[in-house]
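A.B. asks: Below you will find the structure I want to go over with you.
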Amino acid sequence: MTADLLDSRARETTWHEALFYRTNDEYVAGVQAFVDGALDAGQPVLLALPRPHVALMAEAMAGVVDGVRLADMTEIGRNPNRIIPTIQRFLDEYPGQPVSFVGEPIWPGRTEAEIAEATRHEALINHAFADSDAAVLCPYDVGRLAPTVVADASRTHPVVVEGSRRQSSDRYQDPVSVWADVAHLPAPPADAETLAIHAGSLSDLRRAARRLARRAGVAGLRADDLLVAVTELATNSLVHARGAGTLTLWTEPGAVVGEVRDAGLLADPMAGRRQPPADLLGGRGLWMVNHLCDLVQLHSDESGTVVRVRVHAA
Amino acid sequence: MREGIAHGDHVCLVPTSDDDVHSALVGFVRQGLEAGDRVWCVLDGTAPDTLLRLLHQAAIPADRALAAGQLAIHRAEDTYYRGRRFEPARMVDLVHGAVDEALAAGFPGFRLTGEMGWAATAVPGAERLLEYEAEVHHVFTRRPAAALCHYDPALFDPRVLAAALELHASVLATGGPGEGMSAVTPLTDGVGLTLCGELDLDHRELLHEAVDRLRSMPGDVHLRLGELEFIDVGCAAELFSLTRRTGRLVLHDPPAVLLRLFALLGPDGDVEVCRS
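So the protein sequences, as listed, match chains A and B. Heads up: the first sequence begins at 28 in the working numbering, then just goes up one per residue. Heads up: the second sequence begins at 106 in the working numbering, then just goes up one per residue.
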């Protein structure tokens with residue numbers, strides 16, 4: 028098995044491992060081993076970790092900074108749909124060169140909706156970088172995360188590392204099927220407002236979104252972010268879903284949520300996760316929505332498409 | 106917010122719904138009557154009764170204005186193509202004469218709003234539409250007069266529409282004059298555009314045409330954005346494409362949302378931001 032994995036790395040394909048840890052020592056040892064391996068191979072490394080772990084690794088690696096970059100995952104991965112673009116940019120910085128990435132998109136305390144989206148993102152890493160020369164390690168706090176979350180990590184990572192054991196995951200599943208399967212979309216609250224999307228309605232939809240944003244204390248640029256997102260999603264309904272759909276809006280503590288439903292089908296799981304070409308005029312709506320919102324949940328099948336976006340006050 | 110229509114304006118409205126047409130007609134009449142000017146509405150798709158009802162609903166004293174000769178409602182078939190034939194010179198003379206008569210009757214100016222749908226039909230002479238728009242432009246820009254021409258994009262051949270738009274000083278998208286008006290207007294004192302209101306899918310084609318014309322212009326392009334309230338990603342991408350010209354792109358008083366979208370659209374190249 029180990030030989031297979033070494034082979035696959037030699038074939039320059041993605042190596043996507045979950046690191047199951049329980050203590051800080053296990054965490055540092057596991058991440059450090061991965062970083063050391065990459066540095067020995069002369070590969071640049073990007074570590075995107077929640078803030079306390081950035082501090083932990085900075086301390087552990089004191090002195091070794093050449094070729095290693097640390098980033099705050101609570102920022103990059105606040106909306107997990109932005110992580111694949113981040114890895115892609117890192118790859119693009121080193122054309123023709125293998126790179127290594129430590130990404131920790133799931134940590135105790137994230138909401139169920141965020142964890143569902145981070146899990147779908149983890150699945151899509153296998154899909155997005157199947158032909159790229161990237162090695163990816165994802166730490167999971169198995170002592171504090173729910174057992175179902177840990178079980179999902181075995182579905183999304185072809186390899187699981189635990190202590191000194193490294194083994195291929197026999198629960199690993201086809202990435203796109205996991206992406207299609209995992210969802211956390213509870214029904215909107217009873218006081219949610221629903222508006223029809225039709226030609227000429229965009230301005231009215233924005234007015235309603237601004238009103239709800241104000242109610243949730245979402246102001247300034249954050250309100251603009253919501254208005255752009257709602258406009259892009261409704262525009263997609265107008266252009267791609269026979270010109271009709273609905274927008275449902277509601278508030279949550281410190282956040283405003285908008286959900287667009289229509290009869291369109293968006294079959295590409297990578298939609299909104301690929302950097303659009305610079306000269307593209309249309310078709311970059313979902314990419315922007317991902318970069319403006321704090322969480323984007325997109326589900327699509329023959330029965331239609333739903334996109335739920337959440338924007339926080341700060 | 107752009108401050109409505111004034112003497113010297115020859116403005117084109119590209120409505121996307123009946124609501125757009127109706128609010129433009131009502132707004133145009135309201136502004137004209139408030140300015141004390143004589144106002145003509147030349148209707149094609151909208152029935153005179155419908156317009157009167159809308160004016161009443163908007164609490165505009167239409168009956169009094171009609172009785173006083175300040176407001177007149179005409180049909181396209183009695184003006185533009187009287188006798189089932191459109192003759193550009195005759196219509197230009199008619200407009201000149203209407204300005205003369207309005208001034209002689211003591212009104213400070215004359216305003217005309219016309220629904221142009223008839224010009225997309227087989228009316229004889231309709232093919233000379235652009236001749237008329239080019240010539241009548243001088244009447245509105247040089248005399249105490251103003252006009253708002255409605256071009257429904259669903260009726261016109263896109264090439265004719267694009268050419269007609271170019272013959273107007275300013276193009277409005279949805280909304281209509283006055284409050285909530287969204288507009289794309291070429292600068293008169295330089296190369297560039299003034300953008301007002303909310304720009305989204307409904308205005309993308311309009312903006313695309315305007316931006317396309319700027320692309321080939323030499324030197325800097327200026328965008329006056331102080332009255333731009335919202336812009337969607339597609340329209341922002343249109344504007345951003347102007348960063349790939351050789352000259353500078355100068356953004357005057359841009360709203361925060363535009364700068365946010367520019368930052369996400371790519372490295373901003375040669376963009377300069379000016380605050381007044």
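Note that the Cβ used here is the ideal one computed from N, Cα and C, for glycine as well.
Rounded to whole angstroms, how far is the Cβ of His357/B from the Cβ of Arg329/B, which I believe are closer than 8 Å?
C.D. replies: Mapped onto the second sequence, residue 357/B falls at position 252. Mapped onto the second sequence, residue 329/B falls at position 224. With 8 Å as the limit, His357/B and Arg329/B qualify as a contact, their Cβ atoms being about 5 Å apart.
A.B. asks: If we count the other Cβ atoms within 10 Å of its Cβ and call it buried at 16 or more, is Arg197/A buried or exposed?
C.D. replies: Looking up residue 197/A in the first sequence gives position 170. Going by the sequence as given, residue 197/A is Asp instead of Arg. It is exposed - the Cβ of Asp197/A has fewer than 16 other Cβ atoms within 10 Å.
A.B. asks: Among residues of its own chain, excluding the 5 on either side of Ala170/B, which ones have a beta-carbon nearer than 7 Å to its beta-carbon?
C.D. replies: Taking the first residue of the second sequence as 1, we reach residue 170/B at position 65. Closer than 7 Å at the Cβ level, and outside the excluded window around Ala170/B, lie Leu138, Leu176.
A.B. asks: Do Glu220/B and Gly297/B come within 8 Å of each other at the CB atom, strictly closer than that value?
C.D. replies: Indexing the second sequence from 1 puts residue 297/B at position 192. Indexing the second sequence from 1 puts residue 220/B at position 115. Their beta carbons are not under 8 Å apart, which means Gly297/B does not touch Glu220/B by this criterion.
A.B. asks: To the nearest angstrom, how far is the alpha carbon of Val268/A from that of Glu86/A?
C.D. replies: One-based indexing of the first sequence puts residue 268/A at position 241. One-based indexing of the first sequence puts residue 86/A at position 59. According to the sequence displayed, residue 268/A carries Ala and not Val. Roughly 52 Å separates the two Cα atoms.
A.B. asks: What residues in its chain sit with their C-beta under 8 Å from that of Leu292/B, if we drop five residues either side in the sequence?
C.D. replies: The residue given as residue 292/B occupies position 187 in the second sequence. Closer than 8 Å at the Cβ level, and outside the excluded window around Leu292/B, lie Leu298, Thr299, His327, Arg329.
A.B. asks: Compile a chain-ordered list of the residues in the stretch 126 to 145 of chain B whose CB is closer than 8 Å to at least one CB of chain A.
C.D. replies: Within the stretch 126 to 145 of chain B, no residue has a Cβ that lies closer than 8 Å to any Cβ of chain A.
A.B. asks: Could you give the residue range of the beta strand (DSSP E) that holds Thr299/B?
C.D. replies: Translated into the one-based positions of the second sequence, residue 299/B becomes position 194. Run containing Thr299/B: 297 to 304, per the beta strand (DSSP E) assignment.
A.B. asks: So, is the C-beta of Phe367/B closer than 8 Å to a C-beta in chain A?
C.D. replies: What you label residue 367/B is simply residue 262 of the second sequence in a count that begins at 1. Cβ-Cβ to chain A under 8 Å: no for Phe367/B.
A.B. asks: Would you decide whether Arg380/B is buried or exposed? Buried here means 16 or more other CB atoms lie within 10 Å of its CB.
C.D. replies: For the purposes of this step, residue 380/B is taken as the residue at position 275 of the second sequence. Counting Cβ neighbours within 10 Å, Arg380/B comes out exposed, since fewer than 16 surround it.
A.B. asks: For chain B, is any of its Cβ atoms less than 8 Å away from the one on Thr399/A?
C.D. replies: Outside the modelled stretch of chain A, which goes from 28 to 341, sits residue 399/A, for which no answer is possible.
A.B. asks: Since Thr351/B meets chain A, which of its residues come closer than 9 Å, beta carbon to beta carbon?
C.D. replies: Taking the first residue of the second sequence as position 1, residue 351/B is located at position 246. Chain A residues near Thr351/B: none, gap ~16 Å exceeds 9 Å.
A.B. asks: Applying the 10 Å Cβ sphere with the 16-neighbour rule, what's the burial state of Gly280/B?
C.D. replies: Start at 1 with the first residue of the second sequence, and residue 280/B comes out as number 175. Because Gly280/B carries a pLDDT of 44, less than 50, the predicted location of this residue cannot be relied on, and the following value inherits that uncertainty. Buried: at least 16 other Cβ atoms inside 10 Å.
A.B. asks: I need the DSSP call for Arg300/A, collapsed to helix, strand or coil.
C.D. replies: Numbered from its first residue, the first sequence carries residue 300/A at position 273. Reduced to three states, the DSSP call for Arg300/A is coil.
A.B. asks: Quick one: give me the first and last residue of the beta strand (DSSP E) that His357/B is part of.
C.D. replies: Position 252 of the second sequence, counting from 1, holds the residue named residue 357/B. Unbroken beta strand (DSSP E) run through His357/B: 354 to 357.
A.B. asks: Would you mind working out which of Ala361/B, Leu333/B, Ala342/B, Leu354/B sits nearest Ala246/A, comparing C-alpha positions?
C.D. replies: Along the first sequence, one-based indexing puts residue 246/A at 219. Nearest of Ala361/B, Leu333/B, Ala342/B, Leu354/B to Ala246/A, Cα basis: Ala361/B.
A.B. asks: Just to confirm, is the Cβ distance from Ala140/A to Met100/A under 8 Å?
C.D. replies: For this step, residue 140/A is matched to residue 113 along the first sequence. For this step, residue 100/A is matched to residue 73 along the first sequence. Result no, Cβ atoms of Ala140/A and Met100/A do not sit closer than 8 Å.
A.B. asks: Could one say the Cβ of Asp385/B lies closer than 8 Å to chain A's Cβ atoms, at least one of them?
C.D. replies: In the structure as shown, chain B begins at 106 and stops at 381. Residue 385/B is therefore absent and cannot be evaluated.
A.B. asks: Thr258/A versus chain B: which residues are under 7 Å apart at the beta carbon?
C.D. replies: Against the first sequence, residue 258/A aligns to sequence position 231. The answer, in chain order, is Asp305, Asp337.
A.B. asks: Whose C-beta lies closer than 6 Å to the C-beta of Leu325/A among residues of the same chain, with five residues either side of it excluded?
C.D. replies: What you label residue 325/A is simply residue 298 of the first sequence in a count that begins at 1. Cβ neighbours of Leu325/A beyond the five flanking positions: Val334.
A.B. asks: To which residues of the same chain is Arg78/A closer than 7 Å at the C-beta, ignoring the five residues directly before and after it?
C.D. replies: Numbered from its first residue, the first sequence carries residue 78/A at position 51. Once the five neighbours on either side are set aside, the close Cβ partners of Arg78/A are Asp99, Thr101.
A.B. asks: For chain B, find out if any of its Cβ atoms is closer than 8 Å to the Cβ of Val255/A; answer yes or no.
C.D. replies: What you label residue 255/A is simply residue 228 of the first sequence in a count that begins at 1. Val255/A counts as touching chain B.
A.B. asks: Any idea what DSSP makes of His201/B, helix, strand or coil?
C.D. replies: Along the second sequence, one-based indexing puts residue 201/B at 96. Helix, per DSSP.
A.B. asks: Nearest-angstrom Cα distance between Trp42/A and Pro112/A?
C.D. replies: Along the first sequence, one-based indexing puts residue 42/A at 15. Along the first sequence, one-based indexing puts residue 112/A at 85. The alpha-carbon atoms of Trp42/A and Pro112/A are separated by roughly 18 Å.
A.B. asks: Listed from N- to C-terminal order along the chain, which residues in the stretch 226 to 252 of chain A have their beta-carbon within a distance smaller than 8 Å of any beta-carbon of chain B?
C.D. replies: Those would be Ala226, Gly227, Leu229, Ser230, Arg233, Gly247, Leu248, Asp251, Asp252, in chain order.
A.B. asks: Can you name the start and end residues of the alpha helix (DSSP H) that Gln115/A belongs to?
C.D. replies: Against the first sequence, residue 115/A aligns to sequence position 88. Its alpha helix (DSSP H) spans residues 110 to 120.
A.B. asks: Leu156/B: which of Pro323/B, Ala207/B, Arg318/B, Val126/B sits nearest, CA to CA?
C.D. replies: Within the second sequence, numbered from 1, the residue matching residue 156/B stands at position 51. Taking only the C-alpha atoms, the option nearest Leu156/B is Val126/B.
A.B. asks: Pick out whichever of Gly141/B, Ala203/B, Ile165/B has its Cα sitting closest to the Cα of Leu130/B.
C.D. replies: Numbered from its first residue, the second sequence carries residue 130/B at position 25. For Leu130/B, the nearest C-alpha among the options comes from Ile165/B.
A.B. asks: Using 8 Å as the threshold, is the C-beta distance between Trp314/A and Pro303/A below it?
C.D. replies: Along the first sequence, one-based indexing puts residue 314/A at 287. Along the first sequence, one-based indexing puts residue 303/A at 276. Yes.
A.B. asks: For Leu276/A, go through chain B and note every residue whose CB falls closer than 7 Å to its CB, in chain order.
C.D. replies: Position 249 of the first sequence, counted from the start, is the residue given in the question as residue 276/A. Result: empty, since nearest Cβ-Cβ is about 17 Å, beyond 7 Å.
A.B. asks: Note down, in chain order, all residues in the stretch 317 to 339 of chain A with a beta-carbon under 7 Å from any beta-carbon belonging to chain B.
C.D. replies: The residues in question are His318.
A.B. asks: Run the CB neighbour count on Ser191/A, radius 10 Å, all protein chains shown included, and call it buried at 16 or more, exposed below.
C.D. replies: Position 164 of the first sequence, counted from the first residue, corresponds to residue 191/A. Answer is exposed; the Cβ neighbour count stays below 16.
A.B. asks: Select from Phe117/A, Val284/A, Gly299/A, Arg147/A the residue whose C-alpha is nearest the C-alpha of Val205/A.
C.D. replies: Residue mapping note: residue 205/A aligns to position 178 of the first sequence, counting from 1. It is Arg147/A.
A.B. asks: Here's the rule I'm using: 16 or more other beta-carbon atoms within 10 Å means buried, otherwise exposed. How should Tyr185/B be labelled?
C.D. replies: Here the question's residue 185/B lines up with position 80 in the second sequence. Buried.
A.B. asks: Between Gly283/B and chain A, is the shortest Cβ-Cβ distance under 8 Å, so that the two count as touching?
C.D. replies: Mapped onto the second sequence, residue 283/B falls at position 178. Interpretation of Gly283/B is limited by its pLDDT of 46, a score under 50 that renders its predicted location unreliable; the figure taken from the coordinates is listed afterwards. So, not an interface residue.
A.B. asks: I'd like to know whether the C-beta atoms of Thr262/A and Asp305/B end up nearer to each other than 8 Å.
C.D. replies: Residue 262/A sits at position 235 when you count from the first residue of the first sequence. Residue 305/B sits at position 200 when you count from the first residue of the second sequence. Against a cut-off of 8 Å, the Cβ pair of Asp305/B and Thr262/A comes out as a contact.
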